[in-house]
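Residue 101 in UniProt numbering is what sits at position 101 of the sequence shown, and the numbering runs on without skipping anything.
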Amino acid sequence: MSPPTNEISEISDLPQHLQLENRLEKLYINPNSSTNQQLIDEDARKAENQLEKHQRFLRMAKVTSLRSKDPNTQVGCVIVDKENCIVSVGYNGFPIGVDDDVFRWDKEDPEDNKHLYVVHAEMNAIINKRCATLHDCTVYVTLFPCNKCAQMLIQSRVKKVYFLEDRDELPFRASKKMLEHAKLPYEQIVMPRGKYVIEC
Ligand SMILES: Nc1ccn([C@H]2C[C@H](O)[C@@H](COP(=O)(O)O)O2)c(=O)n1
Ligand SMILES: [Zn+2]
């Protein structure tokens, strides 16, 4: 066996309980002893519970997204506090009083393009919050935050962002660069096949 190392690489693709097992092996801790096995089981159970919680909140974000009138991309966001209580929700839409019949979603003309007017799901969730501060809250959003939303999430001092879908476009790449630099962690969650059945 190679010497113990703190470098834990190439294991992030494994399920969380196997990641722990893999880490212990790398640190020379025998995962087959019954005490260690109990610890592994306990940790696997906790990881599983955590994952189910994230999936539950992301499902709520998905349901929230269905309220959006954007015909191309509906985005939903749910923010929860340290006690896992929902403190805000939001979806992408035009500002209050901005009429969908005048500011239409489908206009190609750059002067009338929806991107000039739409309030993003995360921004609406930040603005709609029913608490004094979002410090240490967790954000669940169906699409990775763009650069402008990332700025606001960083300034709001939320502690982590969980998301479903990602995009390889400039605003999202810039967002990642900024979130990483500001040490605001983010994590993509995969929904269990067959359970994630909301049709939009
Ligand atoms: N994190 C995000 C990213 C985008 N949105 C909104 C803005 C638009 O309404 C829509 C994206 O439209 P598309 O470029 O796919 O035609 O999603 C958001 O709310 N949050
Ligand atoms: Zn955004």
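Ideal Cβ placement from N, Cα and C applies to all residues, glycine included.
Proximity test, K148 beta-carbon vs ligand 2 heavy atom, cut-off 6 Å: Reading the sequence shown from its first residue, position 148 is the one you call residue 148. Flag set: Cβ of K148 near ligand 2.
7 Å Cβ cutoff met for C77 and A61: Position 77 of the sequence shown, counted from the start, is the residue given in the question as residue 77. Position 61 of the sequence shown, counted from the start, is the residue given in the question as residue 61. In contact: C77 and A61 (Cβ atoms closer than 7 Å).
Environment of V98 [buried if 16+ CB atoms lie within 10 Å]: On the sequence shown, position 98 is the one that residue 98 refers to. Classification for V98: exposed.
Residue range of the unbroken beta strand (DSSP E) whose run includes E187: Taking the first residue of the sequence shown as position 1, residue 187 is located at position 187. For E187, the enclosing beta strand (DSSP E) begins and ends at 186-188.
Span of the alpha helix (DSSP H), counted from its first residue to its last, around L164: As a first step, residue 164 must be located in the sequence shown, where it is residue number 164. Here L164 belongs to no alpha helix (DSSP H); instead the beta strand (DSSP E) covers 160-165.
Selected residue, minimal CA-CA separation from V75, among C149, E48, D41, K177: One-based indexing of the sequence shown puts residue 75 at position 75. Measuring from the Cα of V75, the nearest candidate turns out to be C149.
Beta-bridge partners of Y117, as assigned by DSSP: Translated into the one-based positions of the sequence shown, residue 117 becomes position 117. BP columns for Y117 are empty, so no partner.
Straight-line gap, T142 to I29 (C-alpha atoms, nearest Å): Your numbering for residue 142 matches position 142 in the sequence shown. Your numbering for residue 29 matches position 29 in the sequence shown. Whole-angstrom Cα-Cα distance: 38 Å.
Any C-beta of chain D under 7 Å from that of D43: Among the chains in the structure shown there is no chain D, since it carries only a single protein chain.
DSSP-derived helix/strand/coil call for V80: By 1-based counting over the sequence shown, the position of residue 80 is 80. Residue state, collapsed to three classes: strand.
Nearest residue (CA-CA) to R167, options P145, D43, G93: Locating residue 167 in the sequence shown gives position 167, counting from the first residue. The residue with the shortest Cα to Cα distance from R167 is P145.
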